[in-house]
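Numbering (the numbering used here), first residue to last: 139 to 251. Just so it is clear, CB atoms sit at the ideal spot from N, CA and C, and this is done for glycine as well. One structure is given below, encoded as structure tokens.
So this is what it looks like as structure tokens:
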């Protein structure tokens, strides 16, 4: 996620260097898909990022997103939490799966801009 230059979902934009943050749910999704031997590099990557806290405000917003978009867009809990974390923190979301985030109040990291 990103405030001006910080991005959630993890990562550092090559075009816009700057700090980035990750929500714990993003870490869980990535960690679940690791192959043998990828753990050290992945751990180092996330240790270099800030944490986005999933608090009650994030939970309420994620619940509102689910109520609005789960049936119509197939929104799932993890994506609702990540989107809500970005939105409530005023951060831009860095994702390769924009279709997972139909929420109008999100702003996205635009590589190269």
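Subject >> Pick from 176, 175 and 184 that is closest to residue 162, judged by C-alpha positions >> reply: 184
Subject >> residue 281 versus residue 223 - alpha carbon distance >> reply: Since the first and last residues shown for the chain are 139 and 251, residue 281 lies out of range.
**OP:** Taking residue 203 as the reference, give the member of 177, 226, 189 and 165 with the closest Cα.
**Re:** 226
Original post:
Which of the three DSSP states, helix, strand or coil, is assigned to residue 215?
Top reply: helix
Original post:
Taking C-alpha atoms, which residue in 200, 245, 238 and 158 lies nearest to residue 211?
Top reply: 238
**OP:** Confirm, please, whether the CB-CB distance from residue 213 to residue 178 is below 8 Å.
**Re:** Contact flag unset, no.
Original post:
DSSP state of residue 230, grouped into three classes?
Top reply: Residue 230 falls in the strand class under three-state DSSP.
Subject >> Proximal residues to residue 140 (C-beta, below 6 Å), its chain only, five neighbours per side dropped >> reply: Confidence at residue 140 is low in this model, with a pLDDT of 43, below 50, so the placement of that residue is unreliable and no value is reported for it.
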